[in-house]
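Numbering (the numbering used here), first residue to last: 140 to 669.
For each residue, glycine too, the CB sits at the ideal point set by N, CA and C.
Quick caveat: nothing in here was measured; it's all calculated off a predicted structure.
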Ligand code: SGN
Ligand code: CA
């Protein structure tokens with residue numbers, strides 16, 4: 140809600156906010172100890188890996204129905220301008236844990252190791268009296284710190300029969316990873332110390348590449364033809380970095396991405412994202428399945444492969460076949476994520492915890508589902524810059540709200556500390572969006588956000604280094620390193636970002652203002668480009 144809306148409504152909102160702040164904010168002076176613990180809510184933070192907003196029906200119902208995620212949206216607040224500051228896995232996780240930009244927390248790209256000795260959000264919450272746990276994907280190389288208990292996937296993790304690492308060592312658990320992560324989360328809640336509030340981070344591996352669905356969902360979506368996105372056949376005109384990126388659906392691996400699993404497809408012909416068209420051997424993803432699982436798996440994909448061979452597709456037909464194949468497996472993985480979010484919500488209901496638990500659903504970043512002809516993330520363009528964000532906390536958040544305020548993954552640390560009533564350290568770089576959750580945009584809320592991506596020229600997908608600024612209406616990006624290319628988008632007129640307006644004289648004033656804003660943000664956050 141904005142201040143320039145109906146004044147009566149605004150007054151009512153301000154009233155509600157003041158009342159809520161008085162009753163809910165743990166920062167209220169003179170609060171008794173016993174009330175202080177009563178108002179420290181539990182925090183259940185569920186984060187998927189590469190979950191595009193387009194694949195949550197509360198955002199967009201074109202592709203899939205996600206009743207449990209929608210339930211969170213309907214019972215809480217859904218954010219439409221929630222962004223990450225560096226759209227790639229490990230860096231995003233490091234930002235979540237520290238509330239600091241990549242250049243400050245030391246983890247710029249997936250090759251880096253997280254320095255677990257630094258100040259982190261779980262450590263701060265631990266000090267504030269919380270019982271802290273992480274279950275699922277970690278992907279930060281060093282051992283987790285700041286958690287009372289942890290059970291994290293080894294490396295990127297597997298979809299089936301995953302190996303978990305914890306303080307005692309490692310163990311393998313039979314089954315489907317999205318289900319198992321939820322089982323472990325529920326086990327954690329069952330065994331928790333009830334005298335303390337909890338912080339539970341549930342980090343799914345799904346729906347990360349190579350999109351291996353649960354066996355029970357293999358038959359889903361077989362009769363559906365998904366519409367290709369408007370920019371599917373993008374020609375990348377005036378966008379050099381986009382043109383040179385290596386993440387087109389057309390180049391995906393036949394064996395592992397499309398599961399055309401036989402020796403004919405074992406040497407990949409597409410580049411699949413390594414940045415060169417050099418043929419490579421198949422990734423043997425089937426090795427993680429046990430014999431019983433493999434039997435069901437193969438029955439499905441072998442049939443599909445036989446149909447594919449018979450169809451002898453080429454050109455546009457082949458490309459659109461790849462898109463359909465990609466969508467099916469990706470969305471089947473989402474079915475499991477949604478189902479397991481439902482299991483956790485049901486658990487909270489059954490134990491009477493729903494009222495006093497802040498439930499957050501998000502993803503480590505967005506993803507391309509065929510927009511610009513792509514999969515993957517990394518770019519500052521909308522699909523990968525955006526993270527889905529749903530927050531429910533009946534005690535403070537009115538049901539069914541939608542916020543357009545700009546919030547960032549950088550803000551989770553401050554927001555959670557705010558809920559915990561804990562002091563917020565000086566060097567944390569985000570903002571608490573708790574007031575935004577009350578339905579009012581604070582007068583001084585941010586009107587622009589800063590972004591910086593680094594993983595180039597090493598790593599996957601050849602997305603050039605870039606930084607930029609996004610406001611409610613515009614986006615300015617500078618690609619650097621081996622190029623020097625600026626892009627400007629007018630998001631109101633061109634929401635799919637295909638018209639780079641950097642050379643349009645009508646926008647000279649906008650560009651100048653955005654360049655100044657970019658500089659201001661770089662100074663504010665202490666970033667420089669070297
Ligand atoms: C893997 C994927 C890439 C993906 C990176 C990073 N290739 O290497 O497509 O961009 O992970 O993803 S795969 O063939 O091995 O699946 S991230 O989420 O960890 O950043
Ligand atoms: Ca990811």
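{"query": "Beta-bridge partners of residue 610, as assigned by DSSP", "result": "587"}
{"query": "Proximity below 7 Å, CB of residue 550 to CB of residue 569", "result": "yes"}
{"query": "Pairwise C-alpha distance: residue 255 and residue 522", "result": "30 Å"}
{"query": "Alpha-carbon to alpha-carbon, residue 623 and residue 290", "result": "43 Å"}
{"query": "Euclidean distance between Cα positions of residue 274 and residue 260", "result": "16 Å"}
{"query": "Residues that residue 342 bridges to, as DSSP identifies them", "result": "186 and 275"}
{"query": "Same chain, Cβ closer than 6 Å to residue 371, five either side skipped, listed in chain order", "result": "509 and 512"}
{"query": "8 Å CB neighbourhood of residue 364 in its chain, flanking five on each side removed", "result": "463"}
{"query": "For residue 216, the first and last residue of its enclosing beta strand (DSSP E)", "result": "216 to 218"}
{"query": "Residues surrounding ligand 2 [beta-carbon distance to nearest heavy atom under 5 Å]", "result": "188, 189, 228 and 503"}
{"query": "Residue 252 and residue 281 closer than 7 Å at C-beta", "result": "yes"}
{"query": "Other residues of its chain near residue 181: CB distance less than 8 Å, five sequence neighbours each side excluded", "result": "336, 337, 338, 339, 492, 495, 496 and 497"}
{"query": "Distance, residue 662 Cα to residue 330 Cα", "result": "46 Å"}
{"query": "Inter-stretch contact at 8 Å, needing at least 3 Cβ pairs: the region 592 to 608 / the region 646 to 660", "result": "yes"}
{"query": "Helix, strand or coil at residue 468 according to DSSP, with G and I counted as helix", "result": "helix"}
{"query": "Residue 376, buried or exposed, once every other Cβ within 10 Å from all chains shown has been counted against 16", "result": "exposed"}
{"query": "Beta-carbon spacing of residue 342, residue 239 below 7 Å", "result": "no"}
{"query": "Neighbour-count burial assignment, residue 468, 16 or more Cβ in a 10 Å radius", "result": "buried"}
{"query": "Stretch-stretch touch, CB-based, cutoff 8 Å, three pairs: the region 432 to 441 with the region 406 to 413", "result": "no"}
{"query": "Residue 591 classed as buried or exposed, judged by whether at least 16 other C-beta atoms fall within 10 angstroms", "result": "buried"}
{"query": "Rounded distance between the beta-carbons of residue 559 and residue 264, thought under 8 Å", "result": "6 Å"}
{"query": "Candidates 211, 193 and 312: closest to residue 499 by CA position", "result": "211"}
{"query": "The region 474 to 493 in contact with the region 306 to 317 per 3-pair CB rule at 8 Å", "result": "yes"}
{"query": "beta-carbon residue 249 near ligand 1 non-hydrogen atom, thresh 6 Å", "result": "yes"}
{"query": "Cross-strand partners of residue 624 (DSSP beta bridge)", "result": "618"}
{"query": "Three or more C-beta pairs below 8 Å linking the region 241 to 251 and the region 522 to 539", "result": "no"}
{"query": "Reduced DSSP secondary structure (H/G/I, E/B, other) of residue 597", "result": "coil"}
{"query": "First and last residue of the uninterrupted beta strand (DSSP E) at residue 542", "result": "540 to 542"}
{"query": "Other residues of its chain near residue 235: CB distance less than 6 Å, five sequence neighbours each side excluded", "result": "548 and 551"}
{"query": "Through-space distance from residue 541 to residue 580, alpha-carbon basis", "result": "12 Å"}
{"query": "Beta-carbon spacing of residue 87, residue 221 below 7 Å", "result": "There is no way to answer for residue 87, as the model of the chain reaches only from 140 to 669."}
{"query": "Residues of its chain near residue 486, where Cβ-Cβ distance is below 6 Å and the 5 sequence neighbours each way are ignored", "result": "325"}
{"query": "Beta-carbon proximity list for residue 563, same chain, < 6 Å, skipping 5 on both sides", "result": "553 and 556"}
{"query": "Contact test: residue 349 Cβ vs ligand 1 heavy atom, cutoff 6 Å", "result": "yes"}
{"query": "Contact check, residue 514 vs residue 388, beta carbons under 7 Å", "result": "yes"}
{"query": "For residue 291: DSSP bridge partner residues", "result": "275 and 304"}
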